[in-house]
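Enquirer:
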Amino acid sequence: MYLLRIFLWLSCFCVSASELTSIENIETFATNYHLDLNINTQTSSLSGSATITAKNQGKSPVSVIPLRLYRLLSVTGVTSSTGKPLNYTQRVVSNRDDTLFQANYIQLLLPDAILPEQEVVFTVNYSGHIKGYTETGMGYIKDDISPEFSIIRMDAYAYPLITVPDDKVNRASRFWQKRYNYTADIEVDNGLVVANGGTLIGVTENQGRRVYSYKNQKPSWRMDFMVAPYTVTKGHGFKLFTLPGNKHATHYIEKAKQTISLYENWFGQRQSTGEFSFIEIPKGFGAQADVSAIIQDSEGFVEVTRLYHELSHLWDPRSNESYSPRWNEGKATFLEYLTDSRLNKMASLSSHMTDVLKRAQKQFAKQPKYLTTAFEEYGKVGLNAYSVGALFFALLHHELGEEKFNHLLRSFYVAHVKSGASTSDFIFALRDLNDPDIDWVLSRWVNSLAFIEDISNATSFEHFITLSQRKDKI
Ligand SMILES: [Zn+2]
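Numbers -17 to -1, 1 to 457, taken from mature numbering (1 follows the signal peptide of the UniProt record, and there is no 0), label the letters of the sequence shown in order.
(1) Note down, one range per segment and in chain order, each beta strand (DSSP E) of at least 3 residues found wholly within the segment 4 to 84.
(2) In the DSSP output, which residue or residues are listed as bridge partners for Arg136?
(3) Taking the CB atoms as reference points, tell me whether Leu91 and Ile48 lie closer together than 8 Å.
(4) Just to confirm the assignment: which complete alpha helix (DSSP H) runs, minimum length 4, are found wholly within the segment 417 to 448?
(5) Are Ala86 and Tyr53 close, meaning C-beta to C-beta below 8 Å?
(6) Applying the criterion that 16 or more other CB atoms from any shown protein chain within 10 Å of the CB defines a buried residue, is Asn311 buried or exposed?
(7) Tell me, please, which residues DSSP counts as bridged to Ile264.
(8) Whose CB is closer than 6 Å to a heavy atom of ligand 1? List the residues in chain order.
(9) Could you check the C-alpha separation between Ala178 and Met121 for me, to the nearest Å?
(10) How is Arg289 classed by DSSP in three states: helix, strand or coil?
(11) So what does DSSP say about Ser405, is it helix, strand or coil?
(12) Counting only the same chain and skipping the five closest in sequence on each side, list residues whose C-beta sits under 8 Å from that of Met(-17).
(13) Roughly how many angstroms lie between the CA atoms of Ala348 and Ser439, to the nearest whole one?
(14) Assign Lys151 to one of three DSSP states: helix, strand, or coil.
(15) Just the Cα atoms here: how many angstroms apart are Gly31 and Glu237?
(16) Within 10 Å of its beta-carbon, does Lys222 have 16 or more other beta-carbons around it, so buried, or fewer, so exposed?
(17) Please determine, among Val210, Tyr235, Phe444, the residue with the shortest C-alpha to C-alpha distance to Arg342.
(18) In three-state terms, what does DSSP make of Asn248?
(19) In its own chain, which residues sit with a C-beta less than 6 Å from the C-beta of Glu188, not counting the 5 before and 5 after it?
(20) Let me check one thing: in DSSP terms, what residues is Lys217 bridge-paired to?
(21) Between His234, Asp415, Ala330, Tyr320, which has its C-alpha nearest Phe284's C-alpha?
(22) Does the beta-carbon distance from Val152 to Ile35 come in below 8 Å?
(23) Alpha carbon to alpha carbon, how far is Pro308 from Ala368? Give it in angstroms, no decimals.
(24) With a threshold of 8 Å between beta carbons, is Ala357 in contact with chain C?
(25) Please list the terminal residues of the continuous alpha helix (DSSP H) segment that includes Phe375.
(26) Apply the 10 Å Cβ neighbour rule to Gln73 and answer buried if 16 or more other Cβ atoms are within range, or exposed otherwise.
(27) The beta strand (DSSP E) spanning Val364 covers which residue range?
(28) Does the segment 403 to 410 come close enough to the segment 288 to 307 to have 3 or more Cβ pairs within less than 8 Å?
(29) The alpha helix (DSSP H) with Gly313 in it runs from where to where?
(30) Going by DSSP, what residue range makes up the alpha helix (DSSP H) through Thr337?
(31) To the nearest angstrom, report how far apart Arg393 and Val400 are at their CA atoms.
(32) Which residues does DSSP list as the beta-bridge partners of Asn108?
(33) Decide if the segment 64 to 84 is in contact with the segment 37 to 45; the criterion is three or more beta carbon pairs, one per stretch, under 8 Å apart.
(34) Could you check where the beta strand (DSSP E) with Val177 kicks off and where it finishes?
(35) Which word fits Ser43, buried or exposed, when buried means at least 16 other C-beta atoms lie within 10 angstroms of its C-beta?
(36) For Ser307, list the residues DSSP reports as bridge partners.
Dropping the structure here:
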């Protein structure tokens, strides 16, 4: 037994990414997924298949498609659209730029190269376990399969993603900007409910188990399926999935309704229809906002400011840049507190923003990179823009006044909702206002480090505003 274990261990020994065919450029992207998965909570495992339609969006023929799956998920076969077996290799490898991060790296070898603009359909059959990625430092990826809670999402590579074990190459491909459609049949034990932000097509019985069939509402860049003994509450265009013991569902739905109507009033109608889902996940699994769902832990159902934050993201045009200063996180953080001050009598914007100011000052003290980095470089160097960005948006709100501020965001959303937007698009929109007060703000925040002084020297939010304002204001 001992020898057998050693043999098994050796046969699974990981190779480094560099020993495989090196792919320096990803040009093939998924345009459609069909997942057919069986979730077995007794054995803490899943099995099934992903049928992927992939399109060559590059300029040269592609004969190898790189895919990654979670490190404990093995491919049992890959077939063509006609059911013919296809050749592939699979190996657990560490990322070239992050040796703690391991994934099963699959290279699908196509019999005929796909030409530019052509599509190929193939099915990856796979099975195994998911045990999270906390060892990589991504503490929120605690993903597992258990009777209490299971999660199938891209963060843990629970389905094949066209990527390589080199994040520099993945980032350059901007794969997250490539949207796809999906359908999914997820089979679970009776008594468990599958939650997803898409449209529920139906639930069928299969030998004492249930198959939940979902279809995306809008082209998406991620698919999340949560399995738990959920309670489902419906109404007012919302659908709420709560875990046992959640007593805040009614209050939460009420707050969501109020927030949506406040934002529609401020920023106009959202350019999407369909049901919006709120899905509870256990604590520490990380919040997500998608085109049709908000996924957050039980704390989020109590701390309604997080609801305000996530709902405000629904009015973000998608980002067209690989590195952005994540100004939309700053905007969402500011709107979170502005909304709280409007909907809750006890909350004050000024005291919220003074807390944000203190948090930014603490970040400056802890991470000296903040003291030498321009705001538009935050994404590139890995700094977060929640607090500093919130101060920027609070300053814009103060200088423009609420009506002009809302008009700016409303027209920016309408102008970019289809095309997406970059930081420089937003800066152009600000310059277009031809407002000397805003030009002054931009002179301290864009291509300048002057805003760092304003934040560092301020003792309160009001003081920060005074330090940041144009001095010769009439
Ligand atoms: Zn956010």
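Just so it is clear, CB atoms sit at the ideal spot from N, CA and C, and this is done for glycine as well.
In this text the structure is predicted, and so the values were computed from the model without any measurement.
Expert: From the atom records:
(1) 11 to 23, 28 to 39, 45 to 53, 56 to 63, 70 to 78
(2) Asp207
(3) yes
(4) 419 to 428, 433 to 440
(5) yes
(6) buried
(7) Asp280
(8) His292, His296, Glu312, Ala315
(9) 23 Å
(10) helix
(11) coil
(12) In this prediction, Met(-17) scores a pLDDT of 40, lower than 50, which makes its location untrustworthy; the coordinate-derived value is nonetheless stated afterwards. Excluding residues within five positions, none has a Cβ falling inside 8 Å.
(13) 9 Å
(14) helix
(15) 39 Å
(16) buried
(17) Phe444
(18) helix
(19) none
(20) Lys222
(21) His234
(22) no
(23) 7 Å
(24) No chain C appears in the structure shown, which is made up of a single protein chain.
(25) 369 to 383
(26) buried
(27) Premise fails: Val364 lies in the alpha helix (DSSP H), 361 to 364, not in any beta strand (DSSP E).
(28) yes
(29) 310 to 326
(30) 332 to 349
(31) 10 Å
(32) Ser32, Gly60
(33) no
(34) 176 to 178
(35) exposed
(36) The partner list for Ser307 (beta bridge, DSSP) is empty, contrary to what the question assumes.
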